[in-house]
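Mind the numbering: the first sequence is residues 4 to 859 in the numbering used here, read in order. All residues carry an ideal CB built from backbone N, CA and C; glycine is no exception. Below is one structure; the comments refer to it alone.
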Amino acid sequence: MAEQGTTAAGGATASGYDPQEIEAKWQKRWAEARVFESEADPARPKYYVLEMLPYPSGTMHMGHMRNYAIGDVVARVKRMRGFNVLHPMGWDAFGLPAENAAIKNKTHPRIWTNNNIAQFQRVLRRFGFSYDWRREISTCEPEYYRWNQWFFLRMLERGLAYRKKSRVNWCPKCCTVLANEQVINGGFCWRHEDTRVESREIEQWFLKTTAYSDQLLDDLKQLEGTWPERVILMQQNWIGKSQGAKVKFAVVDVRGAKPIEIFTTRIDTIYGATAIILAPRHPIVDQLLRGAKNREPTAQLKTKLKKLDEMRQTSSKTEDLATMQKEGFFTGRYAKNPFTKKRIPIWVGNFVLMEYGTGAIMAVPAHDQRDLEFCRKYKLPVRVVIQPLKGQEVVAAKLETAFDEHIQGKLVNSGPFNGLSPTDAIAKMSAFAEQKGFGKAQTIFRLRDWGISRQRYWGTPIPVIYCAKDGMMPVPDEDLPVLLPPHPKLTGEGESPLASTPEFVNTTCPKCGGPARRETDTMDTFVDSSWYFYRYCDPHNHKAPFDSTKVEYWFPIDQYIGGITHAILHLLYSRFWCKVMRDLGMVKHNEPIARLFTQGMVQKGGVAMSKSRGNVVGAEEMAQKYGADTGRLYTLFAAPPEKDLEWSEESIEGCWRFVNRVYRLIERHGEAIRSAEAFDFGRSPMSETERELIRKTYKTLERVTNDFETRWHFNSAIALIMDLTNAIYAAEPLEKDVRPEVRREILEMVTLMLAPMTPHLAEELWEMVGHSDGLWNAKWPYLGAEQIALARDVEVEIPVQVNGRVRARIRVTAGSSESDVARVALALPAIANHVNGKRVVKQIYVPDKLLNLVVA
RNA sequence: GCCCGAGUGGCGGAACUGGCAGACGCGCUAGCUUCAGGAGCUAGUGAUCGCAAGGUCGUGGAGGUUCGAGUCCUCUCUCGGGCACCA
Numbered sequence: 004m005a006e007q008g009t010t011a012a013g014g015a016t017a018s019g020y021d022p023q024e025i026e027a028k029w030q031k032r033w034a035e036a037r038v039f040e041s042e043a044d045p046a047r048p049k050y051y052v053l054e055m056l057p058y059p060s061g062t063m064h065m066g067h068m069r070n071y072a073i074g075d076v077v078a079r080v081k082r083m084r085g086f087n088v089l090h091p092m093g094w095d096a097f098g099l100p101a102e103n104a105a106i107k108n109k110t111h112p113r114i115w116t117n118n119n120i121a122q123f124q125r126v127l128r129r130f131g132f133s134y135d136w137r138r139e140i141s142t143c144e145p146e147y148y149r150w151n152q153w154f155f156l157r158m159l160e161r162g163l164a165y166r167k168k169s170r171v172n173w174c175p176k177c178c179t180v181l182a183n184e185q186v187i188n189g190g191f192c193w194r195h196e197d198t199r200v201e202s203r204e205i206e207q208w209f210l211k212t213t214a215y216s217d218q219l220l221d222d223l224k225q226l227e228g229t230w231p232e233r234v235i236l237m238q239q240n241w242i243g244k245s246q247g248a249k250v251k252f253a254v255v256d257v258r259g260a261k262p263i264e265i266f267t268t269r270i271d272t273i274y275g276a277t278a279i280i281l282a283p284r285h286p287i288v289d290q291l292l293r294g295a296k297n298r299e300p301t302a303q304l305k306t307k308l309k310k311l312d313e314m315r316q317t318s319s320k321t322e323d324l325a326t327m328q329k330e331g332f333f334t335g336r337y338a339k340n341p342f343t344k345k346r347i348p349i350w351v352g353n354f355v356l357m358e359y360g361t362g363a364i365m366a367v368p369a370h371d372q373r374d375l376e377f378c379r380k381y382k383l384p385v386r387v388v389i390q391p392l393k394g395q396e397v398v399a400a401k402l403e404t405a406f407d408e409h410i411q412g413k414l415v416n417s418g419p420f421n422g423l424s425p426t427d428a429i430a431k432m433s434a435f436a437e438q439k440g441f442g443k444a445q446t447i448f449r450l451r452d453w454g455i456s457r458q459r460y461w462g463t464p465i466p467v468i469y470c471a472k473d474g475m476m477p478v479p480d481e482d483l484p485v486l487l488p489p490h491p492k493l494t495g496e497g498e499s500p501l502a503s504t505p506e507f508v509n510t511t512c513p514k515c516g517g518p519a520r521r522e523t524d525t526m527d528t529f530v531d532s533s534w535y536f537y538r539y540c541d542p543h544n545h546k547a548p549f550d551s552t553k554v555e556y557w558f559p560i561d562q563y564i565g566g567i568t569h570a571i572l573h574l575l576y577s578r579f580w581c582k583v584m585r586d587l588g589m590v591k592h593n594e595p596i597a598r599l600f601t602q603g604m605v606q607k608g609g610v611a612m613s614k615s616r617g618n619v620v621g622a623e624e625m626a627q628k629y630g631a632d633t634g635r636l637y638t639l640f641a642a643p644p645e646k647d648l649e650w651s652e653e654s655i656e657g658c659w660r661f662v663n664r665v666y667r668l669i670e671r672h673g674e675a676i677r678s679a680e681a682f683d684f685g686r687s688p689m690s691e692t693e694r695e696l697i698r699k700t701y702k703t704l705e706r707v708t709n710d711f712e713t714r715w716h717f718n719s720a721i722a723l724i725m726d727l728t729n730a731i732y733a734a735e736p737l738e739k740d741v742r743p744e745v746r747r748e749i750l751e752m753v754t755l756m757l758a759p760m761t762p763h764l765a766e767e768l769w770e771m772v773g774h775s776d777g778l779w780n781a782k783w784p785y786l787g788a789e790q791i792a793l794a795r796d797v798e799v800e801i802p803v804q805v806n807g808r809v810r811a812r813i814r815v816t817a818g819s820s821e822s823d824v825a826r827v828a829l830a831l832p833a834i835a836n837h838v839n840g841k842r843v844v845k846q847i848y849v850p851d852k853l854l855n856l857v858v859a
C-alpha cells in the first residue's frame with residue numbers, strides 16, 4: 004500500500020488503491036500468460052491495429068502516450084470481441100537527430116539510439132500497452148535494413164530506382180539533401196522550419212514514385228469514407244494531376260535551336276498568346292542570348308538572370324511568393340505561334356518554374372491573371388480570344404483582372420476555331436496540334452520522383468558499387484546486408500561520413516574482382532517506415548522481407564493511428580511501396596491501410612509538446628504520480644480523440660478521483676459479492692432500487708458499446724461510466740435494498756467497461772469480486788434479450804410543449820398512447836393556462852419523447 | 001488567392017437519425033466530517049427579472065425551412081490547418 008500523501012499530486016486517498024503495485028502485478032501476469040501474443044490463424048477473424056512507430060528521441064511525453072492509449076483501447080476492445088488481434092510496436096531508429104546528438108555528446112549514434120529505445124520501451128511497458136513484444140523491430144538493425152537494400156535492388160532491376168544529376172533541395176542545417184515532400188511552406192526544411200532550403204546540383208538516387216502517379220491518385224477513391232477527407236485531399240493536391248497540352252513553338256532566326264515546348268491547360272486561348280516566357284533556369288536561355296539584338300547587353304542580362312533565379316530562393320517568408328513582383332526581360336528572340344504563324348517575343352520571367360511542366364509558358368494576358376500582370380508591366384499586347392456568353396463584352400484595353408472563366412464563353416479572334424466553347428476548343432485544338440505534329444494533349448503531375456540519397460551516416464547504405472571498368476554494379480543479394488562501418492568519422496559538416504571511411508568505401512567489383520568504390524550515400528529514413536508494418540507480420544524472417552502467406556492473413560491494416568503530420572510523407576511513400584510490392588508479386592492488395600485515424604496533438608500553452616519548446620509533460624512522471632491507468636484515462640477523457648488536447652494538471656486530478664471512487668466501491672462490497680449466490684436475472688423479482696440500478700447499468704452498456712465500436716467517442720463513454728458510478732453511489736444509503744448478487748452484476752459490468760481504458764485497475768477489481776482466471780479471458784458483455792428488456796425504461800418523463808416551448812413535464816408509463824398523454828397534459832394547470840381560450844390546431848407526439856401542442 | 005475544419009457556460013467538452021441545450025469532468029460557492037491541511041461526503045452553479053411561483057433571453061452573426069433548429073438551407077464574421085506565381 005502506498006504511503007499516504009505520496010501517491011498523487013493532490014495527496015493521499017482514502018482508498019487502498021495503489022496503482023504502482025497493481026500495475027506491476029498485472030503486467031507481470033499478462034507477460035507470464037502471454038496474453039498479447041498472436042499468430043496468424045485463418046480459422047479466426049483478424050484485426051490489425053497499429054500506431055505509427057515512434058522515433059525514439061529524448062523523452063516520451065503525454066502526446067506520444069495519447070496515441071498509444073487510443074490504439075490500445077481499440078486493440079483491447081477487439082480482443083474482448085474475439086478477434087485475433089495483431090498489435091505490434093517498434094522503432095524508427097535511423098535518422099539525423101540521432102547522428103547529431105551523437106556528435107554533440109561524443110558518442111555513437113547506435114549507443115544513443117539504443118539508450119533511447121530502452122527508455123521508450125520501459126515507459127511503454129510501464130503503461131501496460133498490449134503489444135506483442137516478440138514482434139518488436141528496430142529499423143537500424145542489419146536484420147531490418149538489409150531488406151531496405153533488397154527492395155532497392157529489386158527496384159533497380161525494374162528501373163524504379165535510378166541515379167541522376169539534378170537540382171535538389173539542400174538543407175544547410177541538416178547538411179543533406181531533402182525530398183520534395185520534406186520541403187514545406189514553399190521552401191523550408193521540415194525539420195528546421197526557419198531554414199530555407201538551398202538548391203544544389205547533385206547526383207543522387209531517386210525512386211520512381213511518378214511511375215505510379217495515376218494509381219496513387221485513383222486508388223485514393225477506395226479510401227474515401229475510411230480515411231480522413233483532408234488527408235485524401237492533401238494527397239490529391241500533392242500528386243497534382245493537371246490535364247492540358249504541350250505545344251512546340253519554333254524559335255525564329257537561331258541556327259540549331261530546338262523548338263520551345265510549353266505546357267498549358269488552356270490551349271483554347273493560344274490565339275491570345277502574346278509572348279513566350281521561360282523559367283530563368285531554362286536550358287535554352289543561354290543559347291538565345293548569344294548574338295541576339297534589340298535588348299540590353301548580355302552581361303547585364305546574365306546578372307539579371309541570376310537575380311531572377313535567386314528571388315525565389317531568398318524570400319524569407321512564404322507569403323512573399325504570392326505577392327512577389329513579376330519581373331523579367333526580353334531575350335531579343337522570337338518564336339512562331341504554330342496556330343497563328345505569327346512571331347511573338349521570348350521573355351524570361353521570375354514566376355515561371357523550371358520544376359513544373361516544361362519550364363516554359365505561353366503568356367495569354369487576357370485570360371490569365373499572372374500573364375496579365377507581367378504583360379502590363381512590360382507593355383506587351385493584350386489580345387482577347389474568349390468572350391463571355393452572357394454579360395459585358397471583354398475589352399482588352401480595359402481589363403483589370405484576366406477573364407479566366409473556364410466554362411462560360413466562346414472563342415473569338417481564333418481563326419477556324421471561332422465560336423467554339425473553351426471545352427470543345429481544347430479537344431479540337433489538341434487534336435489539331437497532334438495531327439500537325441507540333442503538340443498533343445497531355446496530363447502532367449506535380450508529383451516528383453522521391454530523392455532518397457542522404458549525405459549522412461545513420462541510415463541504410465545504398466547497395467551499389469562503382470567499378471572503373473564495369474561501371475555501376477548492384478551489390479549481389481548474397482552479399483547483403485551492406486553493413487554500416489562501426490567506427491565512422493562523424494563531423495556533421497556536410498561530407499558524407501561514409502566517404503571518409505576508407506574501409507567502407509574500398510571494395511572489389513562483384514563482376515571483375517578489381518578495385519571498386521562503394522556508394523557512400525545512405526537512404527532517406529522514410530524508406531524504413533514505408534514497409535515496416537509488413538515486417539511485423541514476420542519479424543524474424545532471414546530469407547525474405549516477410550512470408551507472403553502471413554502478410555495475406557494480417558493485411559490490410561484494419562486501423563492505423565497517427566498524427567496528421569504524415570498526411571503526405573509517410574502515407575504517400577507507404578502507398579507507393581505497397582504498389583511496388585504488389586507488382587513484385589509479394590502482396591495481393593492495392594492499398595496497405597484500410598482505415599486511418601489521425602488523432603489530435605497534446606498541447607501545453609497552445610502549442611504541441613516538444614522537447615525543443617520545453618513544454619513536455621513526461622509520460623513516466625505521470626505514471627509515477629497517478630499511475631498508468633489514470634494517465635491513460637485522462638488522455639481519453641479530456642477531449643475527443645481527433646481533437647487537440649490542452650494539457651491540464653487539474654483535469655487529471657478529476658480522473659484520479661474517479662478511479663479511486665470505483666476502487667472504493669468494490670473494496671467496500673467485494674467481500675459480500677464473493678460469497679454471494681448466483682442470481683437469475685429476469686426471473687427473480689427485484690426491489691425498486693435494484694431494478695433502477697440494473698436498468699441504468701444495461702442502458703450504459705448499450706451506449707458505451709456504441710461509443711467504442713462505431714463512434715470512437717471515448718470521452719463520452721467515460722462520462723457515461725462516471726455517471727453510472729455516481730448513480731451507484733447515490734443508492735448507497737439504500738444499500739440494504741441491493742442484494743450482493745445484483746451488485747455483483749452491476750459492478751462487473753462497470754469493470755468490464757473500464758477494462759480497455761484502465762486495464763490494470765479492471766483486472767484488480769475483477770479479482771476482488773471473486774474471479775481467479777484473469778479478466779483478459781473475459782468477453783465484452785453484450786446484452787441478451789432479457790437484459791435488453793431490463794434496460795428499457797418503465798416510466799418516462801415527457802416534456803410538454805405549447806407552441807414549441809416547454810411548459811411542463813409529465814411522468815407516464817413507457818409506451819403510453821398519444822391520447823392518454825394528451826389527456827394528462829391538458830389536465831395540468833401549467834398547460835391549461837397556456838391553452839386557455841385558444842384552440843389546439845395541431846398536436847405532435849413523439850412516443851416516449853415529447854408532446855407539442857400548437858394553439859392558435 | 002484556392003481548398004478543408006471548427007465556433008456551445010468561467011474552462012475541457014456532451015447532445016446517435018431535427019425533439020428537454022449544457023451530460024460528464026474541472027473550477028467556484030455553501031454545508032457536513034477533520035485539531036488542522038489534504039482527502040471524502042452532500043447541495044448548488046448559463047445569463048437575466050422576481051421575495052416567490054414563474055417569466056424572458058441563450059449554441060459567433062443575419063436571414064430562411066419546420067409544430068419544433070446547436071443540428072437542415074442561404075449569406076456573413078472569427079479562429080485553426082493545408083496548398084500556393086502549378087501555367
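Cα-Cα separation, residue i to residue j
i	j	result
Glu744	Ala675	9 Å
Pro643	Thr504	51 Å
Arg862	Ala681	Outside the modelled stretch of the chain, which goes from 4 to 859, sits residue 862, for which no answer is possible.
Asp21	Asp531	41 Å
Thr110	Leu356	44 Å
Pro391	Asp75	59 Å
Trp769	Ile235	43 Å
Ser822	Gln562	50 Å
Leu737	Gly19	24 Å
Val510	Cys470	The sequence shown places Thr at residue 510, not Val. Rounded to the nearest angstrom, the two C-alpha atoms are 9 Å apart.
Helix, strand or coil at residue i [DSSP, three-state]
i	result
Cys512	coil
Phe529	helix
Val610	strand
Gly131	coil
Leu450	coil
Ala182	coil
Glu201	strand
Trp650	coil
Gly621	strand
Tyr50	strand
Residues bridged to residue i (per DSSP)
i	result
Pro802	Arg812
Tyr848	Leu854
Pro518	Thr511
Gly442	Val250
Report yes or no: do three or more beta-carbon pairs, one from the region 693–704 and one from the region 787–801, lie closer than 8 Å? yes
Could you check whether the region 173–183 touches the region 195–215, counting it as contact only if at least three pairs of C-beta atoms, one from each stretch, sit closer than 8 Å? yes
Run through the region 463–487 for me and flag every whole beta strand (DSSP E) of 3 or more residues, listed as ranges in chain order. 467–470 and 474–477
Contact between the region 80–100 and the region 133–146 (3+ Cβ pairs under 8 Å): yes
So, does the region 541–553 touch the region 599–606, judging by three or more C-beta pairs under 8 Å? no
Ranges of the alpha helix (DSSP H) found wholly within the region 265–305, counting only runs of at least 4: Whole alpha helix (DSSP H) segments, 4+ residues: 288–292.
Enumerated in chain order, which unbroken segments of the beta strand (DSSP E) with a length of 3 residues or greater are wholly contained in the region 323–402? 331–339, 346–352 and 363–366
Taking only runs of the alpha helix (DSSP H) that begin and end inside the region 687–722, which ones reach a length of at least 4 residues, in chain order? List check, alpha helix (DSSP H) in window: 691–709.
Beta strand (DSSP E) runs contained entirely in the region 214–273, provided each spans 3 or more residues: Counting only runs that start and end inside the region 214–273, the beta strand (DSSP E) elements of at least 3 residues fall at 244–255 and 263–267.
Check whether the region 291–299 and the region 396–411 are in contact - that is, three or more C-beta pairs closer than 8 Å. no
Ordered list of alpha helix (DSSP H) runs contained in the region 57–98, each at least 4 residues: Correct list: 65–83.
Segment contact, 8 Å Cβ cut-off, at least three pairs: the region 210–225 with the region 241–257: yes
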